[in-house]
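Take a look at the structure set out below.
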Amino acid sequence: MGTTGFVFDERYLQHQTFNGHPECAARLTAIMDGLAGEGLLDNLVQIAAEPANQRWIEAVHNIHYIMKFEEACMWGLPDFEHQDNSICRETYGTALLAVGGVLKAIDAVMSGEVKNAFCAVRPPGHHAETNQAMGFCYFNNVAIGARYLQQEYDIKKVCIIDFDVHHGNGTQHIFDTDNTVFYYSIHEHPSFAYPGTGREFETGFSTGEGFTKNSPILPGRGDEEYRDKLLNDLVPTFHEFAPDAVLLSAGFDAHVNDLMSGTNLSTEGYELVNDTIFELISSTTGGKVVSVLEGGYDLQILPVLVANHIRKMMTL
Amino acid sequence: MFVTEMMKTDLVAVNPETKLSEAKSLMEDGNFRHLPVVDAAGKLVGIVTDRDMRDAHPSSLLDEESYQKTLKMVMQHTIAEIMTKDPITIAPYYTLQDTLLIIGKKKVGALPVIDEDGQLKGIMSTRDLLRAFVNIMGIEEPGTLLCILVDERPGQLKKIVDIAAEENVSMGSVLVARDWDTEKRAIFPYLLTNNVISIKKKLLARGFELLDPMQWYLDQSPKKG
Numbered sequence: 001m002g003t004t005g006f007v008f009d010e011r012y013l014q015h016q017t018f019n020g021h022p023e024c025a026a027r028l029t030a031i032m033d034g035l036a037g038e039g040l041l042d043n044l045v046q047i048a049a050e051p052a053n054q055r056w057i058e059a060v061h062n063i064h065y066i067m068k069f070e071e072a073c074m075w076g077l078p079d080f081e082h083q084d085n086s087i088c089r090e091t092y093g094t095a096l097l098a099v100g101g102v103l104k105a106i107d108a109v110m111s112g113e114v115k116n117a118f119c120a121v122r123p124p125g126h127h128a129e130t131n132q133a134m135g136f137c138y139f140n141n142v143a144i145g146a147r148y149l150q151q152e153y154d155i156k157k158v159c160i161i162d163f164d165v166h167h168g169n170g171t172q173h174i175f176d177t178d179n180t181v182f183y184y185s186i187h188e189h190p191s192f193a194y195p196g197t198g199r200e201f202e203t204g205f206s207t208g209e210g211f212t213k214n215s216p217i218l219p220g221r222g223d224e225e226y227r228d229k230l231l232n233d234l235v236p237t238f239h240e241f242a243p244d245a246v247l248l249s250a251g252f253d254a255h256v257n258d259l260m261s262g263t264n265l266s267t268e269g270y271e272l273v274n275d276t277i278f279e280l281i282s283s284t285t286g287g288k289v290v291s292v293l294e295g296g297y298d299l300q301i302l303p304v305l306v307a308n309h310i311r312k313m314m315t316l
Numbered sequence: 317m318f319v320t321e322m323m324k325t326d327l328v329a330v331n332p333e334t335k336l337s338e339a340k341s342l343m344e345d346g347n348f349r350h351l352p353v354v355d356a357a358g359k360l361v362g363i364v365t366d367r368d369m370r371d372a373h374p375s376s377l378l379d380e381e382s383y384q385k386t387l388k389m390v391m392q393h394t395i396a397e398i399m400t401k402d403p404i405t406i407a408p409y410y411t412l413q414d415t416l417l418i419i420g421k422k423k424v425g426a427l428p429v430i431d432e433d434g435q436l437k438g439i440m441s442t443r444d445l446l447r448a449f450v451n452i453m454g455i456e457e458p459g460t461l462l463c464i465l466v467d468e469r470p471g472q473l474k475k476i477v478d479i480a481a482e483e484n485v486s487m488g489s490v491l492v493a494r495d496w497d498t499e500k501r502a503i504f505p506y507l508l509t510n511n512v513i514s515i516k517k518k519l520l521a522r523g524f525e526l527l528d529p530m531q532w533y534l535d536q537s538p539k540k541g
């Protein structure tokens, strides 16, 4: 059994969204309180975050987009590119720190300091496109992490598993034509849920054809459908791809209590997601994985699900 | 919305004397399924579809030699011999709704759009029509679909729109199923946001019922009576 690293930084609370916005600083406070209450924090190796070097942001995002985002924050604008993307002056710095936290977690796993790591970061990232902010996301934390693994550690094949209830359009599009990154997403069906992409027939383009896999879940459905899809869609494609490294886009908003979505995954259902994914990871990378927080907006259930997720990581 | 906004206008047309060989390569190169036929004055005189072209082809069951020989002969014929003369056309002032109904009724795949002088202005195909409806539904923009059950009485939609406005959220489209249930309507606003929590909470607080979308998704037909 290896050690599990944990990324959190008080400065992640500085990205303030408008009053009533679901992607709020209280999410992380709730997670920290929950982990402390469960006595988990003491058993995790704290990994210090620092702002990512801009060259890593540029590994995924267009420089003009990066500058436009920084400028919007400096001007003190209320939102960036859509009213969903609520910002403040500190948002840019916080977003850099979120990416930086993920990169530090990757360093810790790659150096063997920890077996795996969970990143309690915000703002989230999987909706962020190369040149567009979307759905509360500005920099695509996980996509940048994948590029970092490839360029800094010479990792050939990265698999990103995304179980946020929303499809990670940004991540999918960034690697659409890339056969070195396999993107798997399980999410609420795009005819009902944001962002309206992630249909079964979206499988990648040209050289990336077949390196994207989507499992849409119809609203009202839950544990059983998740189990079926993970077993039939994820397991075989994951083995076929045989990744050298795995990153998780960990969203906890598919839970029945989370009003953001229409799916009815139970707390036990989330355990099943954890079990399936971590079993795959154990069998390929020996339990090495970096899991990155995306969504999850119900402040009561979020800390419970994160604690369960981390507890499972600690057994790998 | 009028057809002029969605129809294809960069047209490739042929004339009645065009050889089948030329028309065939035009269709293949441009990936067209319909080729309008115009006279020297630019007036529409007919239309040729990929189906007409296939009908003109020799049977695929022929052996290679006979096939090629027949094909060579066939390809020397002119468009005038296989085109549909005086096809069903529509005018530039036709709406998308008109086109939707006429395409369904006449079972054609495309409609040439001609002006009062018979000049060809464009072609409206089922593909263009589908694109128009994707646009109308706003489903290429990121958003979330809500399914709300309301009582069948005036002013209900206003309340929903008011809530969206209070939350500063735009709508991509709104569909209303009028015959949902006795004395009920189902309203499906497509909200251009990821942030639906406060809207859902307000809807519930103001007495609306959020439908399980699966009821609608699986039995498309309204359950009347």
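As they're listed, the protein sequences go chains A and B. Each residue of the first sequence is one higher than the one before, starting from 1 at the first, in the numbering used here. Each residue of the second sequence is one higher than the one before, starting from 317 at the first, in the numbering used here. Note that the Cβ used here is the ideal one computed from N, Cα and C, for glycine as well.
Taking 8 angstroms as the CB threshold, V512 of chain B lines the interface with chain A. Against chain A, the beta carbon of L461 of chain B has neighbours under 7 angstroms at S191, F192, listed in chain order. Assignment of S486 of chain B by DSSP, reduced to helix, strand and coil, places it in the coil class.
For M440 of chain B, the enclosing beta strand (DSSP E) starts and ends at 436 to 441.
P22 of chain A and G125 of chain A have their C-alpha atoms some 15 angstroms from each other.
By the neighbour-count criterion, in which 16 or more other beta carbons inside 10 Å mark a residue as buried, I452 of chain B falls on the exposed side. Within the stretch 320 to 369 of chain B, the complete alpha helix (DSSP H) runs of at least 4 residues fall at 336 to 346.
Unbroken beta strand (DSSP E) stretches of 3 residues or longer found wholly inside the stretch 189 to 260 of chain A: 212 to 217, 245 to 250, given in chain order. Contact fails between the stretch 42 to 54 of chain A and the stretch 129 to 136 of chain A, because fewer than three Cβ pairs, one in each stretch, are under 8 angstroms apart.
The beta-carbon of N484 of chain B is placed less than 8 angstroms from the nearest beta-carbon of chain A. Among the CB atoms of chain A, one or more fall inside 8 angstroms of the CB of T509 of chain B. DSSP, reduced to helix, strand and coil, places F118 of chain A within a strand of the structure shown. Cβ contact annotation for Y297 of chain A (same chain, cutoff 8 angstroms, sequence separation greater than five): P22, E23, R27, D253, D258, L259, M260, in chain order. The beta carbon of I455 of chain B falls within 8 angstroms of a beta carbon belonging to chain A, placing the residue at that interface. Contact of P458 of chain B with chain A is assigned, a C-beta pair being separated by under 8 angstroms. Looking from the CA of I464 of chain B, the closest CA among B:L507, B:Q435, B:T442 belongs to B:L507. Excluding its 5 nearest sequence neighbours in each direction, M317 of chain B has C-beta neighbours in its own chain below 6 angstroms: L412, listed in chain order. Legend: CB atoms of the stretch 363 to 385 of chain B lying less than 8 angstroms from CB atoms of chain A are not found in any residue. Residue ranges of uninterrupted alpha helix (DSSP H) with 4 or more members, entirely inside the stretch 151 to 195 of chain A and ordered along the chain, are 169 to 174. With a threshold of 16 other beta carbon atoms within 10 Å, S376 of chain B falls short and is exposed. S215 of chain A is positioned such that its CB atom lies closer than 8 angstroms to that of I186 of chain A. At a C-beta separation below 8 angstroms, L259 of chain A has these neighbours in chain B: V512, I513, K516, K517. For Y506 of chain B, there is no enclosing alpha helix (DSSP H); the residue is part of the beta strand (DSSP E) that begins and ends at 500 to 507. At a C-beta separation below 7 angstroms, H64 of chain A has no neighbours in chain B, since its nearest C-beta there lies roughly 21 angstroms away.
If you compare the alpha carbons of A:F8, A:T180, A:V289, A:A25 with that of S206 of chain A, the shortest gap goes to A:T180.
Counting the other CB atoms within 10 Å of its CB gives M74 of chain A a total below 16, which places it among the exposed residues. Across the set A:A105, A:A25, A:S266, A:R311, the C-alpha of A:A105 shows the shortest separation from the C-alpha of A146 of chain A. Look at D414 of chain B here: in three-state DSSP terms it is helix.
Judged by DSSP in its simplified three-state form, K421 of chain B adopts helix. For E240 of chain A, the closest of A:V102, A:V158, A:D33 by C-alpha to C-alpha distance is A:V158.
For H166 of chain A, the nearest beta carbon of chain B is closer than 8 angstroms to its own beta carbon.
At a beta-carbon threshold of 7 angstroms, none of the residues of chain B lie near G125 of chain A; the nearest stands roughly 13 angstroms away. The stretch 446 to 462 of chain B makes no contact with the stretch 374 to 391 of chain B; the number of CB pairs closer than 8 angstroms stays below 3.
Ranked by Cα distance from V485 of chain B, the first of B:N510, B:P470, B:A372, B:D431 is B:N510. In this structure V165 of chain A is not in contact with T315 of chain A, their Cβ atoms being roughly 25 angstroms apart against a cut-off of 8 angstroms.
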